[in-house]
Structures are given as C-alpha cells and as structure tokens.
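In what follows, a structure is listed as structure tokens, so that the remarks can point back to it.
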Amino acid sequence: MRAYFILLTAIGLSACTTPEPSNVYDEMLTQSSYFSTPDTSTERRPSIFENFTQSSKNPTRLAVSFLNFGERTHRQELKEFTGVDPVRTEWCAAFVNAVLRESGIPGSESVSRHPLLARSFLKWGDSVDTPKSGDLIVFPRGNASWQGHVGFYMGTVEVGGVEYYRILGGNQNNEVSIELYPVSRAIDIRRESRI
Numbered sequence: 021m022r023a024y025f026i027l028l029t030a031i032g033l034s035a036c037t038t039p040e041p042s043n044v045y046d047e048m049l050t051q052s053s054y055f056s057t058p059d060t061s062t063e064r065r066p067s068i069f070e071n072f073t074q075s076s077k078n079p080t081r082l083a084v085s086f087l088n089f090g091e092r093t094h095r096q097e098l099k100e101f102t103g104v105d106p107v108r109t110e111w112c113a114a115f116v117n118a119v120l121r122e123s124g125i126p127g128s129e130s131v132s133r134h135p136l137l138a139r140s141f142l143k144w145g146d147s148v149d150t151p152k153s154g155d156l157i158v159f160p161r162g163n164a165s166w167q168g169h170v171g172f173y174m175g176t177v178e179v180g181g182v183e184y185y186r187i188l189g190g191n192q193n194n195e196v197s198i199e200l201y202p203v204s205r206a207i208d209i210r211r212e213s214r215i
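Remember, this note's numbering sits 20 above the position in the sequence shown when you count from 1.
Okay, structure coming up:
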C-alpha cells in the first residue's frame, strides 16, 4: 500500500510540474498531422463525414456526430480527425480546431503559435458577453496558467441554484461529450469573427 501511495504521489507531482507549453506544444506540433499540408489523395474519409459538407458551416452539427467517441474506443477515428493521438495528448483544442477546419472555418492556428492549447482560443474570434449556441467557451484547467479547456456552448441550465454551461467538447471524461461547467469559471466566450 505504501509503494502504491508513493507511486501516486510521484505521478501527481509530475503532472503538477509539466514544462511550459513552448517546449511541450512545439514538440507536439511537429508530431501532429493536423497542421501539415492537407491530404489531396483520393482516400475515402470515415463514414462520419458522408452527410456533412463544408457548405453547411455548422460546426456543432459535426461535433455532435462524434458524441460518445472515446479516446480508447475510437482512438483511430479521433486520431485521424484531430491529427493527434487522444491517448497521449490533451485533445480538447485539437478537437475544436478539427471541427472548425472541417466546417471551413479557420481555427486557433490562424491566431496562435500554440493551437493545441485550449487558451489559444482566447485570441480567436470576438469576445462576447452572452453565449449563443455554437460559441466557444474557454475554462481554466490544471495548475498552470497556460492550461485550459475549450468546447462548444450548447445551452445554460440551473442546478441547485447554480448556473452551468452545457459544453460539447473533446477530452471530457476521455471522450466527446456534453458536460456541465459552472458559468462563474468561464474565462471567456468567443464567437467566430464576421469580417
């Protein structure tokens, strides 16, 4: 039991002392296929794309089609879609970027050197005070100031007198899901720029 506790403590300490993103995410970007030159081959896409076209420009419609895709149970599909291995990478931002990209909307790679960071979306689009369906909401996550979580706004609910945002996102309990996040914890609400 003592060895188990020491192992858990060591794992916990290593998670709290993660290096700064410039080193970690620069390396992840070089390994990611998401930001590489688009594939122009005639290979057939996964069937999930059959009923979706860029002309629909509805990112949440595409994101919903991935509901319940787990990082282990649908590892290959998520890896092909996001360009990162969801088992080895914090993939919420990669999922949002892939959804936007597939919808014909530039993602956070258009405004940040670190598009795999959830907080890269703090530079994306326009900040708004009141969310609408499909807006992106950024939350804190972890112990470091650069860590975060990002997902699509799907509505607001009140539970026990506390307001929560319903967020559709990747890497929520290791899958694509809709989860509740306290409104008070949101860092920012971002909406696609209409330039």
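For every residue, glycine included, the Cβ atom is placed at its ideal position computed from N, Cα and C.
{"query": "Helix, strand or coil, according to DSSP, for threonine 176 in the structure here?", "result": "strand"}
{"query": "Around the C-beta of asparagine 88, are 16 or more other C-beta atoms found within 10 angstroms, so that it is buried, or is it exposed?", "result": "exposed"}
{"query": "Spell out a yes or no on whether the stretch 167–186 and the stretch 99–108 are touching, meaning 3 or more CB-CB pairs, one atom from each, closer than 8 Å.", "result": "no"}
{"query": "Which same chain residues end up closer than 8 Å to asparagine 78 when comparing Cβ atoms and leaving out the 5 residues on each side of it in sequence?", "result": "Ser123 and Gly154"}
{"query": "Using DSSP bridges, identify the partner residues of glutamate 199.", "result": "Ile187"}
{"query": "Report all residues from its chain with a CB closer than 8 Å to the CB of leucine 200; omit the five preceding and five following residues, and keep chain order.", "result": "Val177, Val179, Tyr184, Tyr185, Arg186 and Ile187"}
{"query": "Hey, would you say leucine 142 sits closer than 8 Å to aspartate 208, going by beta carbons?", "result": "yes"}
{"query": "Indicate whether arginine 211 and aspartate 146 have their beta-carbon atoms separated by less than 8 Å.", "result": "yes"}
{"query": "On a Cα-Cα basis, can you pick out the residue from Pro202, Arg133, Ser204 and Asn117 that is closest to threonine 80?", "result": "Asn117"}
{"query": "Just verifying my parser: in three-state terms, what is the DSSP assignment at phenylalanine 86?", "result": "coil"}
{"query": "Opposite histidine 169 in the DSSP bridges: which residues?", "result": "Phe159"}
{"query": "On the three-state DSSP scale, how would you describe arginine 210?", "result": "strand"}
{"query": "Report the three-state DSSP secondary structure of valine 104 (helix, strand or coil).", "result": "coil"}
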